[in-house]
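Below: the structure, in structure tokens.
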Amino acid sequence: MITKSLFQQFRPCAKRFWYHIHHPEWRAALDTDALAYMKIGQEIGELARQTFPEGVLLPFSPT
Numbered sequence: 007m008i009t010k011s012l013f014q015q016f017r018p019c020a021k022r023f024w025y026h027i028h029h030p031e032w033r034a035a036l037d038t039d040a041l042a043y044m045k046i047g048q049e050i051g052e053l054a055r056q057t058f059p060e061g062v063l064l065p066f067s068p069t
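The sequence shown runs contiguously to residue 69 in our numbering.
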């Protein structure tokens with residue numbers, strides 16, 4: 007079943023959505039990739055805070 011939230015989650019990447027539905031055994035690998043992207047984002051955030059120490063860190067707000 008495709009729910010609204012599932013559709014919304016994978017809307018930016020149709021290929022990932024297709025694999026999620028048709029190859030559920032590959033979900034762990036996809037999740038590993040997502041974790042890698044999150045780690046890169048955290049590292050970029052840390053680098054930004056080091057580069058701009060007077061900057062303001064805004065709280066996370068999902069959109």
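Where a beta carbon is used, it is the ideal one built from N, C-alpha and C, also for glycine.
Cβ of residue i within 7 Å of any chain C Cβ
i	result
residue 29	Although the question refers to chain C, the structure presented lacks it and comprises just one protein chain.
Under 7 Å between C-beta atoms of residue i and residue j
i	j	result
residue 22	residue 16	yes
DSSP three-state assignment for residue i, whether helix, strand or coil
i	result
residue 12	helix
residue 17	coil
residue 52	helix
residue 60	coil
residue 65	coil
residue 28	helix
Other residues of its chain near residue i: CB distance less than 6 Å, five sequence neighbours each side excluded
i	result
residue 62	none
Through-space distance from residue j to residue i, alpha-carbon basis
i	j	result
residue 57	residue 49	12 Å
residue 24	residue 46	25 Å
residue 8	residue 37	18 Å
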